[in-house]
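All residue numbers for the sequence shown refer to the UniProt record's numbering, where the first residue is 1 and numbers rise by one.
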Amino acid sequence: MGNAFENMKQQLNEFYQSLNTSQKIKIGVSGLLIITSMALLIFFTAQPEYVTLYRDLPLKDAGEMTKNLDEMGIPWKNGDSESTILVPKEYLNKAKMNLAIAGFPKQNFSYEDMLNNSSLTMTNDERKKRYLIAQMNALGSTIEEIEGVNKARVNLTVADETGFLINEQKSKASVFVELKPGVNLLDEQVNGIVMIVSNAVKDLDPENISVVDNKGRVLNKKKEGDAFSASNQLNLQHQVQNDLKNSIEQFLATVYGPGNVAALVNVKLDFDSEVTESKEFAPPIPGETQGLVISMSELKEQVINSPQGGVPGTDSNSEDITQYVENSGDNSRYDKANQTINYELNEIRKQIVKAQGQVKDITVAVVVNKKALVDQEMSDEHKQEIINLVSAAAGLDTRVVEVMARDFDTTLTDQLANMPGATEKGIFDVVPLWAMAILAVMLLGGSGFAIYRVRQRKKEMDSLLQTPIMPIANDINEIELDVNEKSNYKKQINNFVDKKPEAVAQLLKTWLNED
């Protein structure tokens with residue numbers, strides 16, 4: 001079997017050697033075409049038939065579904081768009097069942113479904129309900145796009161529009177968000193969810209929206225002092241203290257030098273919330289003490305009592321009856337006058353909310369290095385000057401400012417300065433400039449010489465390869481090799497190369513030309 005294979009190989013080799021160059025090229029091209037055709041035929045015939053699994057999917061749902069398909073080991077690819085998923089025909093049923101178990105596709109009623117499924121027989125109430133459901137699903141899908149939110153559901157209670165001027169009903173909304181593991185929404189994100197829902201629903205007040213996560217926590221619950229929680233209060237207090245400390249030290253360092261002043265600032269901030277309401281009345285015209293007259297009524301009443309005198313008794317038929325005149329009593333008079341004027345004054349209502357975080361109390365302690373003082377002593381006058389400078393630098397009404405002069409402990413600084421090598425000069429200080437110049441010239445000269453030698457060797461090899469091939473049979477015959485069992489072929493070859501380098505080069509060139 002081995003001999004037959006060797007004979008076949010030898011015959012093929014002889015046949016190939018007998019062909020000229022053009023025949024060899026034709027055979028090679030034909031073989032390449034045959035191999036390519038067979039490969040393409042196998043590729044297309046073995047390619048599975050892909051069918052549509054789902055189409056018109058939201059990008060987020062499509063991404064989650066393809067991730068599940070990868071975990072199940074089912075191949076897939078996109079169709080005419082990214083929202084269409086194709087799978088091999090034999091995996092279609094398996095993919096649908098496994099995705100249904102995982103909750104895909106998500107059945108959301110959209111605006112398109114509402115418009116496509118509407119009919120003329122549908123009542124207005126049914127249309128409103130379908131629109132409300134589509135709106136809730138759309139808001140839920142929008143909130144799910146926020147980073148950290150896995151799922152979201154929105155429930156809306158929209159107030160009915162009535163013809164009454166006073167409508168006690170108010171729209172309300174509740175948002176349930178399922179967060180991804182280990183994720184907590186920031187206050188800005190929660191406020192964003194509230195604003196999305198509030199602006200999407202007519203007459204929906206943000207205060208009537210509640211956002212709850214999957215742990216049952218109300219995320220948008222208002223708390224007193226949210227702006228200044230315990231941690232925020234402590235951080236703000238430390239920040240104020242550090243800023244004042246740095247400003248005082250930098251200011252005094254310009255006088256006493258850096259490192260000669262140390263300051264400690266203790267600040268107490270007032271985070272109490274206080275609201276003051278006041279009401280003031282003032283005349284609308286400046287300089288006047290009375291307001292504008294809006295109404296005026298005036299009443300005058302006069303009564304005069306003067307009884308009239310007359311003939312007492314009844315009239316007689318006789319005309320000769322004597323008449324007696326009765327005198328009247330004292331006359332009485334009653335006068336009354338009443339005037340009512342209503343003035344209108346300007347009413348000014350003020351509501352003053354005290355800002356939280358104001359400085360309530362501040363104390364400062366300053367220590368100055370004695371070595372930075374004249375005669376290393378601090379007088380009372382000098383101390384008072386520093387107190388005034390500190391008060392001015394702080395920019396606040398400091399209740400207590402303590403200043404003292406002490407010797408600073410510079411032991412560690414002195415040890416670092418006296419460490420070996422701390423005062424050593426650099427290399428540019430130790431080595432003279434002329435020596436560095438000579439060293440640079442030597443390096444450049446050595447590099448140039450090395451490049452020159454490499455180029456010379458290359459030229460020698462090129463000239464050697466261009467020389468005509470000389471018969472080397474005589475040189476080869478001169479090689480004496482020890483063919484006994486203890487001979488060292490490697491050593492013999494090395495000796496031959498050392499003795500006859502030109503012959504070895506010619507021999508290698510001959511072999512290369514034969515190949």
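Ideal Cβ positions, reconstructed from N, Cα and C, are used throughout, including at glycine.
Answer with buried or exposed for residue i, where buried requires no fewer than 16 other C-beta atoms within 10 angstroms of its C-beta.
| i | result |
| --- | --- |
| residue 529 | The requested residue 529 is not part of the displayed model; the chain covers only 1 to 515. |
| Met296 | exposed |
| Leu19 | exposed |
| Glu64 | buried |
| Ala152 | buried |
| Ile35 | exposed |
| Phe496 | buried |
| Ile476 | Caution applies to Ile476, whose pLDDT of 45 falls short of 50 and renders its modelled position unreliable; the value that the coordinates give is listed next. With fewer than 16 other Cβ atoms within 10 Å, it is exposed. |
| Ala473 | Only weak support exists for where Ala473 lies, its pLDDT of 46 falling under 50; the coordinates are left without a value. |
| Ala39 | exposed |
| Ala437 | exposed |
| Asn3 | exposed |
| Val403 | buried |
| Val255 | exposed |
| Gln506 | buried |
| Ala394 | buried |
| Ile479 | Residue placement at Ile479 is poorly supported in this model, since its pLDDT is 47, which falls under 50; the coordinates still yield a value, given next. So Ile479 counts as exposed. |
| Ser25 | It is Ile, not Ser, that sits at residue 25 in the sequence shown. Exposed, because fewer than 16 other Cβ atoms sit within 10 Å of the Cβ of Ile25. |
| Ala263 | buried |
| Leu439 | exposed |
| Ala392 | exposed |
| Tyr452 | exposed |
| Tyr16 | exposed |
| Ile143 | buried |
| Leu69 | buried |
| Val29 | exposed |
| Val275 | exposed |
| Leu204 | buried |
Please look up how many angstroms separate the CB atoms of residue i and residue j, rounded, as I've assumed it's under 8 Å.
| i | j | result |
| --- | --- | --- |
| Lys350 | Glu301 | About 45 Å separates the two Cβ atoms, so there is no contact after all. |
| Leu269 | Gly357 | 5 Å |
| Asn98 | Met72 | 5 Å |
| Asn368 | Ala405 | At residue 368 the sequence reads Val, which differs from the Asn that was named. The Cβ separation is near 5 Å, so the contact holds. |
| Asn124 | Met136 | The pair is not a contact, with the Cβ atoms about 19 Å apart (cut-off 8 Å). |
| Asn338 | Leu299 | 4 Å |
| Tyr334 | Val293 | Not quite, the Cβ-Cβ distance comes to about 29 Å (not below 8 Å), so this is no contact. |
Would the beta-carbon of residue i fall within 9 Å of that of residue j?
| i | j | result |
| --- | --- | --- |
| Ile248 | Val265 | yes |
| Ala173 | Ser141 | no |
| Pro75 | Val87 | yes |
| Leu345 | Pro284 | yes |
| Val359 | Val261 | no |
| Leu53 | Lys96 | yes |
| Ser83 | Arg55 | yes |
| Gln376 | Lys383 | no |
| Val212 | Val158 | no |
| Leu389 | Leu244 | no |
| Lys89 | Tyr131 | no |
| Ser273 | Lys221 | no |
| Lys180 | Asn150 | yes |
| Glu277 | Ile352 | yes |
| Leu185 | Ile146 | yes |
| Val177 | Asn235 | no |
| Leu139 | Ala200 | yes |
| Val374 | Ile387 | no |
| Val190 | Leu219 | yes |
| Gly448 | Ala372 | no |
Within the continuous beta strand (DSSP E) that includes residue i, where are the two ends?
| i | result |
| --- | --- |
| Glu49 | No beta strand (DSSP E) holds Glu49; DSSP gives it neither H nor E. |
| Met296 | Leu292 to Asn305 |
| Val275 | Val275 to Ala282 |
| Asn93 | Careful: Asn93 lies outside any beta strand (DSSP E), inside the alpha helix (DSSP H) at Leu92 to Ile101. |
| Val374 | Looking at the DSSP string, Val374 is not in any beta strand (DSSP E), and its letter there is neither H nor E. |
| Ala262 | Val261 to Asp270 |
| Leu86 | Ile85 to Pro88 |
| Ile209 | Ile209 to Asp213 |
| residue 516 | Outside the displayed range of the chain (1 to 515) lies residue 516, so it cannot be described from this structure. |
| Ile362 | Gln358 to Asn369 |
What are the boundary residues of the alpha helix (DSSP H) that residue i is part of?
| i | result |
| --- | --- |
| Ile133 | Asn124 to Glu144 |
| Met404 | No alpha helix (DSSP H) holds Met404; the beta strand (DSSP E) holding it covers Val400 to Arg406. |
| residue 516 | Outside the displayed range of the chain (1 to 515) lies residue 516, so it cannot be described from this structure. |
| Gln189 | Asp187 to Ala200 |
| Asn388 | Asp380 to Ala394 |
| Glu178 | Segment Lys172 to Leu179 is the beta strand (DSSP E) holding Glu178; no alpha helix (DSSP H) there. |
| Leu69 | Leu59 to Met72 |
Do residue i and the ligand COA come close, with the Cβ less than 8 Å from some heavy atom?
| i | result |
| --- | --- |
| Ile493 | Annotation note on the ligand COA: not contained in the displayed structure, which lists no ligands. |
Is residue i close to chain C, meaning its C-beta is less than 9 Å from at least one C-beta of that chain?
| i | result |
| --- | --- |
| Asp407 | The structure shown contains no chain C, having only a single protein chain. |
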